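Heads up: the structure comes next, in structure tokens.
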Amino acid sequence: MHVPHNSVVLVADGRKLLFLRNEGDDVYPNLTVEHAEERSNPADRDQKTDAAGAASSTQSGPGAPAVAQNGSNHARGGGAQFAPSRGSLGETDFHQLEEDRFAADAAELLKKRALANDFEKLIVVAPPKTLGELRKHYHKEVSNRLSGELSKDLTGHPIADIEKALLDG
Numbered sequence: 039m040h041v042p043h044n045s046v047v048l049v050a051d052g053r054k055l056l057f058l059r060n061e062g063d064d065v066y067p068n069l070t071v072e073h074a075e076e077r078s079n080p081a082d083r084d085q086k087t088d089a090a091g092a093a094s095s096t097q098s099g100p101g102a103p104a105v106a107q108n109g110s111n112h113a114r115g116g117g118a119q120f121a122p123s124r125g126s127l128g129e130t131d132f133h134q135l136e137e138d139r140f141a142a143d144a145a146e147l148l149k150k151r152a153l154a155n156d157f158e159k160l161i162v163v164a165p166p167k168t169l170g171e172l173r174k175h176y177h178k179e180v181s182n183r184l185s186g187e188l189s190k191d192l193t194g195h196p197i198a199d200i201e202k203a204l205l206d207g
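Okay, structure coming up:
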């Protein structure tokens, strides 16, 4: 992948981001750190306080009065009977919610920088899930300046490894 001179490279995952600028050229990139950010995001189990809730149907069940179509409490023969329903409301993954929120915030930073004409070309490097979440929030100006994406997690890697991955990608 070509990394044009002065282009911005965002390297992000669900809790860390790096804004890098290419001070070199597209053959020999020289990425320098402009901004770094990291948020604490404990594991989901450490963020939960309770188990998932449950819902039970109030439509019918043992002892529930049958309601006829006219609204009276007298059931007419042949009416459908509903089985009691008890379903899980599903568990919320707070860790994933925070990662998604972080990606949305990163997209907001990209928007502000694009609208301020801080960069002409942008390359985004992120793991697939984070990249997908970022895409949901790209502003038109960000999309217009996007010159490439690399679906890899490189947030913990040295800059030399990021430069190599970009050239190989």
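As numbered in the working numbering, residues 39 to 207 make up the sequence shown, in order.
We put the beta carbon where it would ideally sit given N, CA and C, even for glycine.
Remember, it's a predicted structure, so these values are computed and weren't measured experimentally.
Less than 8 Å between C-beta atoms, sequence neighbours within five positions excluded: which residues of the same chain meet that for residue i?
i       : result
Arg-53  : Glu-76, Arg-77, Ser-78, Asn-79, Glu-136, Glu-137 and Phe-140
Gly-109 : Caution is warranted here: a pLDDT of 49 is assigned to Gly-109, below 50, making its placement in the model unreliable, and no coordinate value can be reported.
Ser-45  : Arg-59, Asn-60, Phe-157, Glu-158, Lys-159, Leu-160, Ile-161 and Ser-185
Asp-64  : His-40, Val-41, Pro-42 and His-43
Asp-199 : Leu-192
Arg-183 : Ala-152, Phe-157, Glu-158, Lys-159 and Leu-160
Which one of the options has the shortest CA to CA distance from residue i?
i       : options                               : result
Ser-181 : Ser-189, Lys-159, Asn-68 and Glu-201  : Lys-159
Lys-167 : Ala-144, Glu-72, Gln-134 and Arg-151  : Gln-134
Arg-59  : His-195, Val-41 and Glu-187           : Val-41
His-73  : Phe-57, Asp-63, Pro-67 and Glu-61     : Phe-57
His-177 : Leu-192, Val-162, Leu-188 and Ala-152 : Ala-152
Val-49  : Glu-179, Arg-183, Leu-169 and Lys-174 : Leu-169
Asp-143 : Leu-172, Gly-194, Ala-154 and Asn-155 : Leu-172
Lys-174 : Asp-199, Ala-145, Lys-202 and Ala-154 : Ala-145
What residue range does the alpha helix (DSSP H) around residue i cover?
i       : result
Arg-183 : 178-183
Asp-206 : 197-206
Per DSSP, residue i forms a beta bridge with which residues?
i       : result
Phe-11  : Shown here, the chain extends from 39 to 207; a query on residue 11 therefore has no answer.
Ser-189 : Ala-164
Please return the same chain residues whose Cβ sits closer than 7 Å to the Cβ of residue i, not counting the five positions on each side in sequence.
i       : result
Asn-68  : Asn-60, Glu-61 and Gly-62
Gly-207 : Met-39 and Leu-188
Gly-194 : none
Specify, as a first and last residue, the run of the beta strand (DSSP E) that residue i falls within.
i       : result
Leu-160 : 160-164
CB-CB under 6 Å to residue i, same chain, minus the five flanking residues each way: which ones, in chain order?
i       : result
Ile-197 : Leu-69
Asp-191 : Asp-51 and Pro-165
Leu-10  : The first residue shown for the chain is 39 and the last is 207, placing residue 10 beyond what the model contains.
Leu-55  : Glu-75 and Ala-144
Lys-202 : none
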